[in-house]
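J.: Numbering (my numbering), first residue to last: 16 to 279.
1) Looking only at its chain, what residues have a beta carbon closer than 6 Å to the beta carbon of residue 34, apart from the 5 residues adjacent to it on each side?
2) My parser needs the beta strand (DSSP E) runs of 3 or more residues fully inside the region 94–177; what are they?
3) Taking just the CA atoms, how far does residue 26 sit from residue 233?
4) Tell me the rounded alpha-carbon separation between residue 261 and residue 254.
5) Does the region 203–217 come into contact with the region 170–188, if we say contact requires no fewer than three beta-carbon pairs (one atom in each stretch) closer than 8 Å?
6) The alpha helix (DSSP H) spanning residue 202 covers which residue range?
7) Closest by CA to residue 227, which one among 252, 84, 21, 115?
8) For the region 94–113 and the region 155–162, state whether three or more C-beta atom pairs, one from each stretch, are separated by less than 8 Å.
9) Return the CA-CA distance between residue 31 and residue 46, expressed in angstroms with no decimal places.
10) Evaluate residue 239 with the Cβ neighbour count: other Cβ atoms within 10 Å of its Cβ, from every protein chain shown; 16 or more gives buried, anything less gives exposed.
11) Can you look up residue 179 in the DSSP assignment and give me helix, strand or coil?
12) Quick one: what does DSSP say residue 233 is sitting in, helix, strand or coil?
13) For residue 223, name the three-state secondary structure that DSSP assigns.
14) Considering only the alpha carbon of each residue, which of 77, 143, 225, 274 lies closest to residue 58?
15) Count the other CB atoms, across all protein chains shown, that sit within 10 Å of the CB of residue 237; report buried if there are 16 or more and exposed otherwise.
16) Do residue 66 and residue 39 have their C-beta atoms closer together than 9 Å?
17) Tell me which residue opens and which closes the beta strand (DSSP E) that residue 64 is part of.
18) Who are residue 29's beta bridge partners in DSSP?
19) Can you tell me which residues form a DSSP beta bridge with residue 71?
20) Per DSSP, residue 196 forms a beta bridge with which residues?
21) Please tell me whether residue 199 and residue 184 are closer than 9 Å, where the distance is taken between their beta carbons.
22) Quick one: is residue 231 buried, meaning 16 or more other Cβ sit within 10 Å of its Cβ, or exposed?
23) Less than 9 Å between the C-beta atoms of residue 63 and residue 107, yes or no?
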């Protein structure tokens, strides 16, 4: 373990012997930092923070700060960051509230500079969040989501796996899996074909996803009729079940719809 003499680390913090901590960083009691992690200068890690193995935190980041929620009453909660995740400059990850008890960032994620992860957010694995993205409380990001810069995500929104959000977007409704979303208001603009190909999806899988979203977004059906048609006409597969389950579970915010200019 290498702790710079100009940093302040509480003696009860659980720091693995292989961790490096740069100057002027502040680490409170009830913090855990796993093997191989690197904490840069001027980093603040508050009580309740849990960092996994090989986490890299850059200058100015603040992890485990109290929730910016007026309902927070000082209850014990945590902020958890998974193995091999990178937290760039001035990122803030707040602790949870009584609602979820924790804020979670999964494994192999990249949080670029100035991103904000609010209380009770649950982020999956292999997620990329670009500069100046702000997630409000209770947001859920499934695995392999990519969000470009300057995006704001409203509270309680969920973004499905392998989806891509264009830069500068305002995400007010949930975004189903496997799609690209852009424009204002945020809309379905197509299947995330390039991302899916990069992650090993076959042409057959991608074509099935295209058919699912042609039924859901392009044919002018309401949600109920579209789901009925998908179940009737698309062969049973993981992708079909993922989309149906996502929509059925999304009640509070509703889902994005198709951009009006799209034609079948």
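Backbone N, C-alpha and C define an ideal beta-carbon position, used for all residues, glycine too.
T.: Taking the coordinates as given:
1) 16, 48, 52
2) 107–109, 117–120
3) 60 Å
4) C-alpha separation (whole angstroms): 11 Å.
5) yes
6) First-last for residue 202: 202–206, but that is the beta strand (DSSP E), not the alpha helix (DSSP H).
7) 252
8) no
9) Approximately 11 Å, taken between the alpha carbons.
10) exposed
11) strand
12) helix
13) In the structure shown, residue 223 sits in a helix (DSSP, three-state: H, G or I).
14) 77
15) exposed
16) no
17) 64–66
18) 47
19) 53, 101
20) 180, 203
21) yes
22) Under this definition residue 231 is a buried residue.
23) Not a contact, by the Cβ cut-off of 9 Å.
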